[in-house]
Amino acid sequence: MKSTLCLGVLLGLSLLDLAACGTTPSVAPPPVLLRAPVAYEGNKEYLPRTVEAAHFHREGLSIRYAYEVLAQGVLPNDMEGVKVFGKLEVLSGDSVMTSYEVTRSLNGTIRWSLLFFVGQPETLTDLRRKALFAVRDDIELRMVGDAGLGVYP
Numbered sequence: 000m001k002s003t004l005c006l007g008v009l010l011g012l013s014l015l016d017l018a019a020c021g022t023t024p025s026v027a028p029p030p031v032l033l034r035a036p037v038a039y040e041g042n043k044e045y046l047p048r049t050v051e052a053a054h055f056h057r058e059g060l061s062i063r064y065a066y067e068v069l070a071q072g073v074l075p076n077d078m079e080g081v082k083v084f085g086k087l088e089v090l091s092g093d094s095v096m097t098s099y100e101v102t103r104s105l106n107g108t109i110r111w112s113l114l115f116f117v118g119q120p121e122t123l124t125d126l127r128r129k130a131l132f133a134v135r136d137d138i139e140l141r142m143v144g145d146a147g148l149g150v151y152p
């Protein structure tokens, strides 16, 4: 009886793991901390959500955001992956008031669960997208931390 219960619990947990593989947790986006003109020409998904484009800022501030894929393919650790650099600057005229710089590297992974192959290897495109989101999320986190210090007017 006890071994049957344990087997049932293990089977239930393994099915839960399999069912959860395709889901992603939902997290509320961070608050918009700064509305100002934004200089950025990439995919809007990668722009930190703590900034929002506006035609003007009452104190003349502007935002400049850029990212660069530094490496894609085989990285120095002999694993296939992606390395991305992102930079967000808050400007007053031509002067940089605040700057955030982030570099993230991601390596390819294969997901295994209970000795069964449960997914496909991630492509370089998948890794690049994840790295760009990681850069965005890191900048957002830093900006939210700075907002408590009164950095943004």
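0 is the number of the first residue of the sequence shown in numbering that gives the first Met the number 0; add one for each residue after it. Heads up, the beta-carbon is just placed ideally off N, CA and C, and yes, glycines get one too.
Q) Grouping DSSP H, G and I as helix and E and B as strand, with all else coil, what is Tyr45? A) Stepping through the sequence shown from its first residue, residue 45 is reached at position 46. The answer is helix: DSSP assigns Tyr45 an H, G or I state.
Q) Could you give the distance in angstroms between the alpha-carbon of Ala146 and the alpha-carbon of Leu46? A) On the sequence shown, residue 146 is found 147 positions in, with the first residue counted as 1. On the sequence shown, residue 46 is found 47 positions in, with the first residue counted as 1. Whole-angstrom Cα-Cα distance: 18 Å.
Q. Looking at the structure shown, is Glu40 part of a helix, part of a strand, or coil, going by DSSP?
A. The residue labelled residue 40 in the question sits at position 41 within the sequence shown. The answer is coil: DSSP assigns Glu40 none of H, G, I, E or B.
Q.
So, under 8 Å CB-CB, Gly85 and Val134 are touching, yes? Tell me the CB distance rounded to an integer number of Å.
A. The residue given as residue 85 occupies position 86 in the sequence shown. The residue given as residue 134 occupies position 135 in the sequence shown. With a Cβ gap of about 4 Å, Gly85 and Val134 count as contacting.
(Q) According to DSSP, simplified to helix, strand and coil, what is Met96? (A) Taking the sequence shown and counting its residues from 1, one reaches residue 96 at position 97. If DSSP states are grouped into helix, strand and coil, Met96 belongs with the strands.
Q | Environment of Val89 [buried if 16+ CB atoms lie within 10 Å] | A | Here residue 89 refers to the residue found at position 90 when the sequence shown is read from its first residue. Val89 should be labelled buried.
Q: With DSSP as the reference, please indicate the residues paired to Thr102 in a beta bridge.
A: Here residue 102 is taken as the residue at index 103 of the sequence shown, counted from 1. DSSP, once it has assigned bridges, lists Phe84 as partnering Thr102.
Q) For Ala35, which beta-bridge partners are listed by DSSP? A) In the sequence shown, counting from the first residue as 1, residue 35 sits at position 36. DSSP output for Ala35 lists Ala52 as bridge partner(s).
(Q) Within the continuous beta strand (DSSP E) that includes Gly72, where are the two ends? (A) Residue mapping note: residue 72 aligns to position 73 of the sequence shown, counting from 1. Looking at the DSSP string, the run of the beta strand (DSSP E) that includes Gly72 is 60-73.
Q) Glu139: buried (16+ other C-beta within 10 angstroms of its C-beta) or exposed? A) Here residue 139 is taken as the residue at index 140 of the sequence shown, counted from 1. It counts as buried.
Q.
Taking 6 Å as the limit between beta carbons, can you name the residues of its chain near Tyr156, skipping five residues before and five after?
A. Outside the modelled stretch of the chain, which goes from 0 to 152, sits residue 156, for which no answer is possible.
Q.
My output table needs one value for Glu79: the three-state DSSP class, helix, strand or coil.
A. Your numbering for residue 79 matches position 80 in the sequence shown. Residue state, collapsed to three classes: strand.
(Q) Buried or exposed for Gly80, going by 16 or more other Cβ atoms inside 10 Å? (A) Residue mapping note: residue 80 aligns to position 81 of the sequence shown, counting from 1. With 16 or more Cβ atoms within 10 Å of its Cβ, Gly80 is classed as buried.
Q.
Using CA atoms only, rank isn't needed, just tell me which of Arg57, Gly144, Leu69 is closest to Leu126.
A. Indexing the sequence shown from 1 puts residue 126 at position 127. Of the candidates Arg57, Gly144, Leu69, the one whose C-alpha sits nearest the C-alpha of Leu126 is Leu69.
Q: Look at Val83 and Leu131 and say whether their C-beta atoms are less than 7 Å apart.
A: What you label residue 83 is simply residue 84 of the sequence shown in a count that begins at 1. What you label residue 131 is simply residue 132 of the sequence shown in a count that begins at 1. A contact, by the Cβ cut-off of 7 Å.
Q: Taking Tyr39 as the reference, give the member of Ala27, Ser61, Arg57, Phe55 with the closest Cα.
A: The residue given as residue 39 occupies position 40 in the sequence shown. When only C-alpha atoms are compared, the closest one is Ser61.
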